[in-house]
Amino acid sequence: MVLQVTNSPFNQEQVELLNRFLPTLTEVQKVWLSGYLTALHNVETPMAASPQAASAVNPPIISKDVTVLFGSQSGNSQKLAKKLTEKLQEQGFQVTLSSMSDFKPNTLKKVQNLLLVVSTHGEGVPPDNALSFYEFLHSKRAPQLEDLRFSVLALGDTSYEFFCQTGKDFDKRLEELGGKRLTPRVDCDVDYDEPAAEWMNNVLHSLSEAAAAQATVSVGGVTIERGPQTEYSRSNPFQAVVLENLNLNGRGSDRETRHLELSLEGSTLQYEPGDCLGIYPKNHPRLVDELIEAMGWKPEDLVPINKNGEECPVREALSSHYEITVLTKPLLEQAAKLSSGSGLQELLAAGREQALRDYIRNRDLLDLVQDYSLKGVSAKEFVPILRKLPARLYSISSSSKAYPDEVHLTIRKVRYEAHGRYRYGVCSNYIADRLKAGDSLPVFVHHNPNFKLPQNPDTPIIMIGPGTGVAPFRAFLGEREENGAKGKTWLFFGDQHFSTDFLYQIDWQRWLKEGVLTRMDVAFSRDTDQKVYVQHRMLEKSKELYQWLQEGACIYVCGDEKKMAHDVHAALATILEQEGGLSSEEAVEYLKRMQQEKRYQRDVY
Numbered sequence: 001m002v003l004q005v006t007n008s009p010f011n012q013e014q015v016e017l018l019n020r021f022l023p024t025l026t027e028v029q030k031v032w033l034s035g036y037l038t039a040l041h042n043v044e045t046p047m048a049a050s051p052q053a054a055s056a057v058n059p060p061i062i063s064k065d066v067t068v069l070f071g072s073q074s075g076n077s078q079k080l081a082k083k084l085t086e087k088l089q090e091q092g093f094q095v096t097l098s099s100m101s102d103f104k105p106n107t108l109k110k111v112q113n114l115l116l117v118v119s120t121h122g123e124g125v126p127p128d129n130a131l132s133f134y135e136f137l138h139s140k141r142a143p144q145l146e147d148l149r150f151s152v153l154a155l156g157d158t159s160y161e162f163f164c165q166t167g168k169d170f171d172k173r174l175e176e177l178g179g180k181r182l183t184p185r186v187d188c189d190v191d192y193d194e195p196a197a198e199w200m201n202n203v204l205h206s207l208s209e210a211a212a213a214q215a216t217v218s219v220g221g222v223t224i225e226r227g228p229q230t231e232y233s234r235s236n237p238f239q240a241v242v243l244e245n246l247n248l249n250g251r252g253s254d255r256e257t258r259h260l261e262l263s264l265e266g267s268t269l270q271y272e273p274g275d276c277l278g279i280y281p282k283n284h285p286r287l288v289d290e291l292i293e294a295m296g297w298k299p300e301d302l303v304p305i306n307k308n309g310e311e312c313p314v315r316e317a318l319s320s321h322y323e324i325t326v327l328t329k330p331l332l333e334q335a336a337k338l339s340s341g342s343g344l345q346e347l348l349a350a351g352r353e354q355a356l357r358d359y360i361r362n363r364d365l366l367d368l369v370q371d372y373s374l375k376g377v378s379a380k381e382f383v384p385i386l387r388k389l390p391a392r393l394y395s396i397s398s399s400s401k402a403y404p405d406e407v408h409l410t411i412r413k414v415r416y417e418a419h420g421r422y423r424y425g426v427c428s429n430y431i432a433d434r435l436k437a438g439d440s441l442p443v444f445v446h447h448n449p450n451f452k453l454p455q456n457p458d459t460p461i462i463m464i465g466p467g468t469g470v471a472p473f474r475a476f477l478g479e480r481e482e483n484g485a486k487g488k489t490w491l492f493f494g495d496q497h498f499s500t501d502f503l504y505q506i507d508w509q510r511w512l513k514e515g516v517l518t519r520m521d522v523a524f525s526r527d528t529d530q531k532v533y534v535q536h537r538m539l540e541k542s543k544e545l546y547q548w549l550q551e552g553a554c555i556y557v558c559g560d561e562k563k564m565a566h567d568v569h570a571a572l573a574t575i576l577e578q579e580g581g582l583s584s585e586e587a588v589e590y591l592k593r594m595q596q597e598k599r600y601q602r603d604v605y
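Mapping of the sequence shown onto UniProt numbering: residues 1 to 605, in sequence order.
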């Protein structure tokens, strides 16, 4: 609308100034200005209405200060928190962004707007850098938070029983302490892009609406647009050409570990030691064909592959777009709705939680359709209840300084027998059996800020990585070699047999000879009468290891989370008790402090 003297309370000079000025404003500036003028009017005319009426018509101005906290193990939550921060700042909010471990909990009482982005680690456990804040909030020291407005974005994986448990716990606890939700909590599965964007949209809208509640114009919804993609990313992967695909294990080994070299030439993708590479794999063709046959479908039947209505043949959809090797409770609930007489309702009934857990373990979609006679459900009905095939993340085992325009991975082939037939790791078997030099893979770099070399190259580092957990440490040492770092390095490595399973043996020996690797201890569990693992070697070297800690060494652990990481953690606590004279409680606090100081970092899965 163009202002005129006849349709506004302004004189001609003011109208001309405003008509030149207003079109230059952004939407954010218009909202801010309208709120400012309204607030200014309220200050200048306090007696225009009774206090009660003024309170009803003009609610208190809401703070535009927002605190964004993240709890992240692999970096997904941190990345989303950073993206949210940028969006908030674009809307004129003053944002404090922090990991939960760096946030001072005694300042929580002063926070009015709190946004949490947090993942769940393992079986319902908070990630390392969320643990201290989680414990504080659930302790008696937690303050009442009647003035707090909050919202939680929870990241998880529906294949785990305690899906998004950490986010659920935070959401419940903040409400118990008196906080009010800005928007409902959103729980994200591994394919989190769309629900996370929707949560951000709702949060931004709610905050903007509240901040401009006294404005004379309303705020429209804030849209998070992906826009044209000019860089390769998770949603726009790069087709990387395979340079090498080698088996690292010797003849006679029970294991097959692939060393994969990919070209990143022309991608502009960059990574640092500690980062991961995401790969979008394909499902095993045998499983796809058996599933189509079991359901009575035709391979060429068209099915949707996204919410935009795009379709493709069901064989291609099951090969490249949908998860078919993992069963989850939400999937079984959806399947039960499609086939009321299948018996799935009984399995999902209250009181049968253990039976459901037992059934889901090590079974896939073919088991489900055969065991519960789902044949007859059309492909167009059935396929949309499946979740998207998630990317697989692998620790990068190369330094980009040592191998420009390349990225190396270390991937163990997963194959085992369960419930009467063989099961195949989706990505590991795709790479081991069906990927050759010259082929290409859709990939993206996943930055992991929680697993990084110390900034000071003179800092000693202790690396603990059995099996493929040694991958990032090949990158660490390659980087330190290129940088000429002087800090001491100590590697603990373990596997089954020295003769067949000593991954990257030549690399370690060369680095030991050149001084890049100061010392190395190995544990080959099947070469001795009693199984010896990396934690046993740590305990054998407890005096030296404790001395390194006293000298300021950083500890890095990579590999299996379910057993190895716990055993290594327990070994570290024991060393602190034995060599440092600490009590068990003091040892636990010592390790927590090391984690907060980023001197103890883990990349476990």
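We put the beta carbon where it would ideally sit given N, CA and C, even for glycine.
Note that the coordinates shown come from a computational prediction; the quantities given were computed from them, not determined experimentally.
Can you name, in chain order, every residue of its own chain whose Cβ lies under 8 angstroms from the Cβ of residue i, other than the five neighbours on each side?
i: S542; result: T574, I575, Q578, E579
i: S400; result: Q270, Y271, E272, E406, V407
i: R352; result: E346
i: D193; result: R234, S235
i: L539; result: A571, T574, I575
i: R185; result: S151, V152, L153, A154, G167, K168, D171
i: L338; result: L374, V377, E381, F382, I385
i: L366; result: L287, E290, L291, A294, I324
Excluding sequence positions up to five away, which residues of its chain have a Cβ less than 7 angstroms from the Cβ of residue i?
i: A196; result: L80, L153, C188
i: D275; result: I396, V445, H446, H447, N448
i: M47; result: Because M47 sits at a pLDDT of 39, beneath the cut-off of 50, its placement in the model cannot be relied upon, and the following sentence gives the value as read from the coordinates. So no residue of the chain qualifies.
i: N202; result: T183
i: G478; result: S398, S399, A402
i: Q89; result: V95
i: R519; result: W490
i: K282; result: S319, S320, Y430
Take residue i and list the residues in its own chain whose beta-carbon comes closer than 6 angstroms to its own, dropping the five residues that flank it on each side.
i: V43; result: Unreliable positioning characterises V43 in this predicted model, as indicated by a pLDDT of 45, which lies under 50. A coordinate reading is not provided.
i: D301; result: V314, A379
i: L116; result: L69, V152, F170
i: I360; result: L327
i: K452; result: G274
i: residue 618; result: Examination of residue 618 is not possible in this model, given that the chain is present from 1 through 605 alone.
i: G122; result: E561
i: M594; result: Y600
Counting C-beta neighbours from all protein chains within 10 Å, is the total for residue i 16 or more, i.e. buried, or is it exposed?
i: N129; result: buried
i: E323; result: buried
i: S440; result: exposed
i: P240; result: According to the sequence shown, residue 240 is Ala rather than Pro. Classification of A240: buried, given that the 10 Å Cβ count is 16 or more.
i: G220; result: Caution applies to G220, whose pLDDT of 36 falls short of 50 and renders its modelled position unreliable; the model cannot decide the point.
i: T268; result: exposed
i: H419; result: exposed
i: Q354; result: exposed
i: F493; result: buried
i: E387; result: Checking the sequence shown, residue 387 turns out to be Arg, not Glu. R387 should be labelled buried.
i: T468; result: buried
i: residue 612; result: The question about residue 612 has no answer, for the chain in this structure spans 1 to 605.
i: G425; result: buried
i: residue 614; result: An answer regarding residue 614 cannot be provided, because it is not within the stretch 1 to 605 covered by the chain.
i: T410; result: buried
Where does residue i fall in DSSP's three states?
i: P105; result: helix
i: Y556; result: strand
i: N247; result: strand
i: I305; result: coil
i: M295; result: helix
i: E261; result: strand
i: Y322; result: strand
i: Y359; result: helix
i: F524; result: strand
i: F163; result: coil
i: R234; result: coil
i: Q601; result: strand
i: A350; result: coil
Quick check: does the Cβ of residue i come within less than 8 angstroms of any heavy atom belonging to the ligand HEM?
i: R357; result: For the structure depicted, the ligand HEM is absent and the ligand set is empty, with no information on it obtainable.
**Report entry** Every unbroken beta strand (DSSP E) inside the region 484 to 511 [3 residues or more]
**Finding:** Secondary structure within the region 484 to 511: the beta strand (DSSP E) runs of 3 or more consecutive residues, fully enclosed, are 489 to 495 (chain order).
Query - beta strand (DSSP E) segments (min. 3 residues) lying fully within the region 391 to 473 - result: The qualifying runs are 392 to 395, 406 to 412, 415 to 418, 421 to 424, 440 to 446, 461 to 464.
Report task. Pair every Cβ in the region 247 to 261 with every Cβ in the region 499 to 508, then say whether three or more of these pairs are closer than 8 angstroms. Result -> Counting C-beta pairs closer than 8 angstroms gives three or more between the region 247 to 261 and the region 499 to 508, which meets the contact rule.
**Report entry** Three CB pairs or more closer than 8 angstroms across the region 455 to 465 and the region 478 to 490
**Finding:** With the cut-off at 8 angstroms, the region 455 to 465 and the region 478 to 490 touch.
Requested in this report: Tell me the start and end of each unbroken alpha helix (DSSP H) in the region 102 to 145 that is at least 4 residues and wholly inside, in chain order.
Outcome: With a minimum length of 4 residues, the continuous alpha helix (DSSP H) runs that stay inside the region 102 to 145 are 131 to 137.
Query raised in the report: Enumerated in chain order, which unbroken segments of the beta strand (DSSP E) with a length of 3 residues or greater are wholly contained in the region 539 to 595?
Result: Taking only runs of at least 3 residues, the beta strand (DSSP E) segments lying wholly in the region 539 to 595 are 554 to 559.
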